[in-house]
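By the working numbering, the letter at position 3 of the sequence shown is numbered -11, and the numbering carries on one by one without gaps.
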Amino acid sequence: MNNINVKALEQTVEAIKKDPTLKMRNWAAQVKWENGVKNLVKIRDFENIVMDEPETLGGTDEGPNPVEMLIGSAASCFAITFEVLASQNGITIEAVTVDIEAGLNAAVFLGLEEGDGGITNPVITLKAETSAPKEIVEEIAKVAFVKSPVLASLSTEIHVKVV
């Protein structure tokens, strides 16, 4: 449904029910410094993703910065979760657009202030044209917000290991 392989999802669910050890999957990425604040991000067998900073933050603006990638990943993960849940519920999707905006205190990053250096006040806006009434879309959006792995990860403690 909606070009989502719901059958494959159902098979995965059944496989995890039979063997709970299958529920955990490791994901990985490798970042290699290229020059200045430009880094190349390698994920699986995809082409490198260039990440840089705008000129005002010392970069050459050759790619999005990590904050932009983070909020883009969060919005994309929310969208995918919404689309999968809608499809699992037999809802036809005609269009989905997810916008995200968030603030960031550059003074903390630049060492001018102490405080929270993470994104602030993130707002996700969902526009979905579906076969379902708005109330159902809102219910699925609430579930997608809770089940989105990337959104859930934004509050996870991260450990740094230097080798």
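Ideal Cβ positions, reconstructed from N, Cα and C, are used throughout, including at glycine. As the structure is a computational prediction, the values presented were derived from the model and not from experiment.
CA-to-CA distance, residue j to residue i, given in whole angstroms
{"i": "V(-8)", "j": "F68", "result": "13 Å"}
{"i": "T142", "j": "T78", "result": "33 Å"}
{"i": "V129", "j": "N75", "result": "12 Å"}
{"i": "T42", "j": "L137", "result": "28 Å"}
{"i": "T72", "j": "V17", "result": "Sequence inspection shows Ala at residue 72; the Thr mentioned does not correspond to that position. Roughly 34 Å between the two C-alpha positions."}
{"i": "V105", "j": "V53", "result": "Checking the sequence shown, residue 105 turns out to be Ile, not Val. Looking at the two C-alpha atoms, the distance is approximately 8 Å."}
{"i": "I(-10)", "j": "V70", "result": "7 Å"}
{"i": "D5", "j": "V132", "result": "24 Å"}
{"i": "I29", "j": "A118", "result": "36 Å"}
{"i": "F152", "j": "V123", "result": "The structure shown has nothing for residue 152, since the chain only spans -13 to 149."}
{"i": "W13", "j": "E121", "result": "35 Å"}
{"i": "M(-13)", "j": "H145", "result": "39 Å"}
{"i": "G103", "j": "D31", "result": "32 Å"}
{"i": "N34", "j": "P40", "result": "19 Å"}
{"i": "L140", "j": "K3", "result": "27 Å"}
Member of the options whose CA lies at the smallest distance from the CA of residue i
{"i": "E80", "options": "T116, V129, K24 and T(-2)", "result": "T116"}
{"i": "P135", "options": "I66, K113, L96 and S73", "result": "I66"}
{"i": "P108", "options": "A15, E100, Q(-3) and L56", "result": "L56"}
{"i": "N51", "options": "A14, A92 and G101", "result": "A92"}
{"i": "A15", "options": "V36, K4 and I105", "result": "V36"}
{"i": "T(-2)", "options": "N(-12), K120 and M10", "result": "M10"}
{"i": "W19", "options": "K3, D38, E33 and D31", "result": "D38"}
{"i": "A114", "options": "E33, N12, V82 and W13", "result": "V82"}
Contact belief for residue i with residue j at Cβ below 8 Å, rounded distance in angstroms
{"i": "L112", "j": "V84", "result": "6 Å"}
{"i": "L(-5)", "j": "A1", "result": "No, L(-5) and A1 are not in contact; Cβ-Cβ is about 11 Å, not under 8 Å."}
{"i": "F64", "j": "I126", "result": "With 8 Å as the limit, F64 and I126 do not qualify as a contact, their Cβ atoms being about 11 Å apart."}
**Length-filtered (3 minimum) beta strand (DSSP E) runs lying within the stretch 67 to 99** = The beta strand (DSSP E) runs of length 3 or more contained entirely in the stretch 67 to 99 are, from start to end of the chain, 79 to 90.
**Item:** Segment contact, 8 Å Cβ cut-off, at least three pairs: the stretch 86 to 103 with the stretch 50 to 70
**Value:** Segments in contact, yes.
**Prompt:** Pairing CB atoms from the stretch 37 to 52 with CB atoms from the stretch 9 to 27, are three or more of them under 8 Å?
**Reply:** Between the stretch 37 to 52 and the stretch 9 to 27 there are three or more inter-stretch CB-CB distances shorter than 8 Å, so the stretches are counted as touching.
**Asked** Taking the runs of the beta strand (DSSP E) that are 3 residues or longer, which of them lie wholly in the stretch 15 to 62?
**Response** 16 to 21, 24 to 28 and 35 to 37, all fully within the stretch 15 to 62.
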